[in-house]
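Numbering (UniProt numbering), first residue to last: 1 to 360.
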């Protein structure tokens, strides 16, 4: 009796722990709070399939309880209940009902799948080879950072994806090293980024939902890609159409950064000697993709995170430069440059924190 009671207590404890853990997590990483048409369509399918499954479970449980109570054998009763084997009526019922449920689920699923796979707008080009009526972003996943290139605008950013609201944004997804997966939970389902092909899809951000989220969403890598997979985050900033056009203008017209102060100027020299081979400091970077081996740092001074994971403080910038392996194991920056002295790190941090796009 005590052993049984102990088992039930253990089961109850595990149930409570599971319930508590199900409520953990960050609200801005929830797929259950859709912020656009794509996410809403997928959410509606999720609710439909869940309702069908719950309905089936309820019916099965009710039938089970009825049979258990009504037809259980009583002591001394040798009566055999009426057998229904071969009943055409019942066989038709329990065959037709699942078929109808599958149709109810399959039709909207197939329709939505084809709608969300429609990227024909990306193929319509003007005489200059630019996409005519669609905003296209080339997403390139790397160990462990993200690059966002706006090919028709001549703009490249890293870690921060900037998109307009109430408009479809089309994506070309690739990877530089291993397979990753691009996922903005609030905007829509994930899609793999491969090294040997390009995947395409679109997302759309609702302006009202974006306003409720302070025009800020977060994305992650959803494919196990290495020791720092869980740290491969990026930020999504949403803007109105007019604000996005203003942002685009600032980014396209940005010039080489000009820093002030002796320490920052010393840091610029250190950067040009140690970092410029991989990093760029202008968003209108015209180098080919193969030459862009590290995140674009043009807007580094405006970011909210260092390396996507640390709070954007001067000390954290220094910590990252000194020992990136400590914060993102397996990152490609580790071991790619010589040892810097503390004074060089201080100067480099001062320089990086002044990297901002003019006009903002």
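Using N, Cα and C, we set each Cβ at its ideal position, and we do this for glycine too.
Fair warning: this is a prediction, and the values are worked out from it, not measured in the lab.
Burial state of residue i (16 or more Cβ within 10 Å)
i, result
"residue 204", "buried"
"residue 359", "Residue confidence is low: residue 359 scores 48 on pLDDT, short of 50, so the model does not pin down where it sits. No coordinate-derived value is stated."
"residue 188", "buried"
"residue 230", "exposed"
"residue 165", "buried"
"residue 302", "exposed"
"residue 72", "exposed"
"residue 160", "buried"
"residue 143", "buried"
"residue 247", "buried"
"residue 328", "buried"
"residue 12", "exposed"
"residue 348", "buried"
"residue 118", "exposed"
"residue 339", "exposed"
"residue 292", "buried"
"residue 59", "exposed"
"residue 234", "buried"
"residue 157", "buried"
"residue 355", "buried"
"residue 110", "exposed"
"residue 290", "exposed"
"residue 206", "buried"
"residue 198", "exposed"
"residue 350", "buried"
"residue 362", "Examination of residue 362 is not possible in this model, given that the chain is present from 1 through 360 alone."
"residue 181", "buried"
"residue 321", "buried"
"residue 288", "exposed"
"residue 81", "exposed"
"residue 268", "buried"
One or two residues paired with residue i in a DSSP bridge
i, result
"residue 191", "182"
"residue 218", "235"
"residue 204", "168"
"residue 319", "According to DSSP, which records beta bridges pairwise, residue 319 is partnered with nothing at all."
"residue 199", "173"
Integer Cβ distance of residue i from residue j, believed to fall under 8 Å
i, j, result
"residue 237", "residue 257", "Not really, about 20 Å apart at Cβ, beyond 8 Å."
"residue 139", "residue 173", "5 Å"
"residue 317", "residue 353", "7 Å"
"residue 29", "residue 185", "5 Å"
"residue 239", "residue 214", "Contact flag wrong, Cβ pair sits at about 12 Å."
"residue 141", "residue 175", "4 Å"
"residue 171", "residue 217", "Not quite, the Cβ-Cβ distance comes to about 15 Å (not below 8 Å), so this is no contact."
"residue 283", "residue 163", "In fact, because the Cβ distance is near 15 Å, the residues do not count as touching under 8 Å."
"residue 252", "residue 259", "Actually they do not touch by this definition, with Cβ atoms about 21 Å apart."
"residue 35", "residue 209", "4 Å"
"residue 124", "residue 133", "6 Å"
heavy atom of the ligand HEM below 6 Å from residue i C-beta
i, result
"residue 226", "Summarising the ligand content, the structure contains no ligands, and the ligand HEM is consequently not present."
- request: Please list the segments of the alpha helix (DSSP H) lying wholly inside the segment 256-310, counting only runs of 4 or more residues, in order along the chain.
  value: The segment 256-310 contains, as complete alpha helix (DSSP H) runs of 4+ residues, the segments 262-274 (chain order).
Exercise for the section: Tell me the start and end of each unbroken beta strand (DSSP E) in the segment 115-190 that is at least 3 residues and wholly inside, in chain order. Expected result: Segments of the beta strand (DSSP E) lying fully in the segment 115-190: 135-142, 145-150, 155-158, 160-164, 168-175 and 180-184.
Evaluate contact between the segment 339-349 and the segment 264-275, counting only Cβ atoms and requiring at least three cross-stretch pairs below 8 Å. Yes: the two stretches touch, three or more of their Cβ pairs being nearer than 8 Å.
**Asked** Should the segment 213-225 be called in touch with the segment 186-202, which here means at least 3 C-beta pairs below 8 Å?
**Response** Judged by Cβ distances under 8 Å, the segment 213-225 makes contact with the segment 186-202, as three or more pairs qualify.
Can at least three beta-carbon pairs, one atom from the segment 288-303 and one from the segment 139-148, be found at a separation below 8 Å? Touching, yes.
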